[in-house]
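Numbering (full-length UniProt numbering), first residue to last: 1 to 826.
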């Protein structure tokens, strides 16, 4: 776990501080406070790596780029003797990043603050002194308390408003705003760590919230550091040293606490992970460090999964994680052996027939105009619809999940028709008298499951909350369907497997573990599939061209290199010199597609939020320049042509009729979910009318109450899982792996284009290699003998009975069930 520290504090006259003095010290410059005539000269200060002032996007206020002019304006803007003249964020920068990477990270965070609050942001990156902790890279980020304009400083920002006023106006309090900023910093820093190829992550949650007993380390400020260097006793230094001693004592007493830290994120780890985590929580005394590392390595909670060799280090886990994951699999295997939930064949056949007729009717409806215009004969129509209907794979999957087993899994490639299969299965279950419930990790995914299959669905967290309150308990007459199961970590999946087992409910897992990886430790869905079997939907139906369908199968079977080469061969990969040029090409093609296919659907996407923000700005500007989107011209009696300005969680955004909009948070009142898209129908100063995609109706946004929206021409790859459009435009970056590539390259029906650049990928080989790298999570079940007794022995499984067989093929790491033909009617 990399260091997490983000604190916010005011710079106020009441405490004897001034914005000018603070800015001079942070930047190592000489500034004069024109209000009181004091000169603050810190030009001899060392350890300053970089200083910079950033302004909000679209705000022309060059005067504010002058540090003296900016902070003297901040001083003169306030009259009160106890006024708050600035705010400062103190942030720990991941020491794993290079200086250039730390600068990119800090600059992006500063730009986000500027856009969110419409303020000037002055940041300075400081490096650790020679005699302090070498990990102590940090940034000081000062922001104005008033909005910056071309003419000077204007109104107070929302961050400076009184909490009572904010509450009365249904706005987040300063505490809630800080919480959001802390979450943003976590996400942004982790994204930059991924891009740099590091496995470490930061976590904004307290140790108590994460169930950890170690004390977090604290950041010692500049004044305390200087006092400590002069030999003056420093309270913070004593607290830090005492915390480190207490942590060391806890580790000596219970080394497993270090292992708990690691298994919050991963099921399987190595010695480097243990050393890195330990280094974070104790002082840097080499002897102490080695002694405690030895203590951790000899913990009776540590389980060695593999031996070390010349190529790879030894792999480890914990007994708790081994027991949790193997217990989950044992429960799943026992559920797989029961025949308690058989659905009569007559109900299954009727559901299959009904769904087939629905698909044929939908095809005929689409062909209606062609039938009348061309006068197609009955035989010609029959020829066109001959292959319409459920595929053999879908029929098998329906029969598979409606058979008697208490647990069933379906692995469906992107675009392979999982929703159609589940619709028929639901009708068969309901005809048998079962109540069918659905769940997914994200609210949008749960809504998608309900809309596409008719299964009433909620989030996993909502189900867990209900069970804790004693509500919504499952029974043996329930079927519980979990969609996007590949994104669920082992701990959460184990709870749902156990709940289904104890209640007698049937559990159906649907997903694709090659798409976005699990949140949290482990890869539970993949492990369950490997041990109890599954039905597979491999016939891709989303793409309309044969070579694209074949490429989707290659992406799904982690043959990403071959799939990308197919797109390169067909001219669907463009390589520009820079990322800016790649983005400009994407924008040009996106706007041209709107001209060529006005009734079609399209989506631009990228992995990084910064890329998404720039794509939205550029596409919108291009549409306005080409006349496809109205500009801010007021006409009498026609408010729809007026471009309105709104304060959102991500800063100021302007909208006009025809703009694309994305919702970024769930709202029960409006009936929207995070990631939903729509088109703006009307804009007023206090209202937006948005028509939701997919014929889901129209909603009204009150911007004073709901601020989680943005332009929706482009979105992140994560928000597109499950989406289907006619044409997709993917901006590639070096932060992507094969799983993100798979999702991004399988959203389209007609055409998908990738835009890459040589400043992200040196050449074609680097492009393919980067986008093909694995980000797959491991589980303890990936290793044949986790611990001295071995998995089978510890779980009471007798190999002599043939419960397991070793697969000696390409996946010989896995402990798999013997392949046996099972009667679907059992």
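Just so it is clear, CB atoms sit at the ideal spot from N, CA and C, and this is done for glycine as well.
query                                                                                                                                                                      : result
To the nearest angstrom, how far is the alpha carbon of residue 421 from that of residue 408?                                                                              : 14 angstroms
One question on the structure: do residue 50 and residue 125 come within less than 8 angstroms of each other, judged by their Cβ atoms?                                    : yes
Could you tell me the distance, in whole angstroms, from the CA atom of residue 670 to the CA atom of residue 734?                                                         : 37 angstroms
State the DSSP-derived secondary structure class of residue 713, mapped to helix, strand or coil.                                                                          : coil
Are the CB atoms of residue 106 and residue 139 within a distance shorter than 8 angstroms?                                                                                : yes
Would you kindly work out how many angstroms separate the C-alpha atoms of residue 755 and residue 742, rounded to a whole number?                                         : 15 angstroms
May I ask which residues mark the beginning and end of the beta strand (DSSP E) holding residue 146?                                                                       : 146-148
In this structure, how does DSSP classify residue 487 when only helix, strand and coil are distinguished?                                                                  : helix
Helix, strand or coil for residue 761 per DSSP?                                                                                                                            : coil
What residue from 570, 458, 405, 600 has the CA that sits closest to residue 535's CA?                                                                                     : 405
Look at residue 542 and residue 746 and say whether their C-beta atoms are less than 8 angstroms apart.                                                                    : yes
Could you give the distance in angstroms between the alpha-carbon of residue 287 and the alpha-carbon of residue 315?                                                      : 25 angstroms
Suppose contacts are defined by Cβ-Cβ distances below 8 angstroms. Is residue 691 in contact with residue 678 by that definition?                                          : yes
Taking Cβ positions, are residue 274 and residue 296 nearer each other than 8 angstroms?                                                                                   : yes
Residue 523 and residue 779 - do their beta-carbons sit closer together than 8 angstroms?                                                                                  : yes
For the beta strand (DSSP E) that contains residue 575, what are its first and last residues?                                                                              : 573-576
By Cβ distance below 7 angstroms, which residues in the same chain neighbour residue 67 in space, the five residues on each side in sequence not counted?                  : 23, 27, 29, 31, 53, 122
Does DSSP put residue 176 in a helix, in a strand, or in coil?                                                                                                             : helix
DSSP three-state call for residue 405: helix, strand or coil?                                                                                                              : coil
Helix, strand or coil for residue 93? Go by DSSP, reduced to three states.                                                                                                 : coil
What span of residues does the beta strand (DSSP E) with residue 8 cover, start to end?                                                                                    : 6-12
Measure the CB-CB distance between residue 731 and residue 603 and report whether it falls below 8 angstroms.                                                              : no
Just to confirm, is the Cβ distance from residue 343 to residue 445 under 8 angstroms?                                                                                     : no
List the whole-angstrom C-beta distance separating residue 493 from residue 328, where the pair is believed to meet the contact cut-off of C-beta under 8 angstroms.       : 6 angstroms
Which term fits residue 453, buried or exposed, when burial requires 16 or more other beta carbons within 10 angstroms of its beta carbon?                                 : buried
Check whether the segment 503-512 touches the segment 459-479, counting contact only when three or more Cβ pairs, one atom from each stretch, lie closer than 8 angstroms. : yes
Using a Cβ-Cβ cut-off of 6 angstroms (strictly less than) and excluding sequence neighbours within five positions of residue 629, which residues of its own chain qualify? : 623, 658
Would you grab the beta carbon distance between residue 301 and residue 277 for me? Rounded to a whole angstrom, and I think it's under 8 angstroms.                       : Actually they do not touch by this definition, with Cβ atoms about 14 angstroms apart.
How about residue 157 and residue 166: are their beta carbons less than 8 angstroms apart?                                                                                 : no
Looking at residue 163 and residue 704, is the spacing between their C-beta atoms short of 8 angstroms?                                                                    : no
Starting from residue 316 and walking both ways along the beta strand (DSSP E), at which residues does that stretch end?                                                   : 316-318
Taking its Cβ as the centre, do 16 or more other Cβ atoms sit within 10 Å of residue 11, making it buried, or is it exposed?                                               : buried
State buried or exposed for residue 525, treating a residue as buried only when at least 16 other CB atoms are found within 10 Å of its CB.                                : buried
For residue 706, which beta-bridge partners are listed by DSSP?                                                                                                            : The partner list for residue 706 (beta bridge, DSSP) is empty, contrary to what the question assumes.
The beta strand (DSSP E) spanning residue 725 covers which residue range?                                                                                                  : 725-731
Report all residues from its chain with a CB closer than 8 angstroms to the CB of residue 500; omit the five preceding and five following residues, and keep chain order.  : 335, 406, 407, 474, 480, 506, 507
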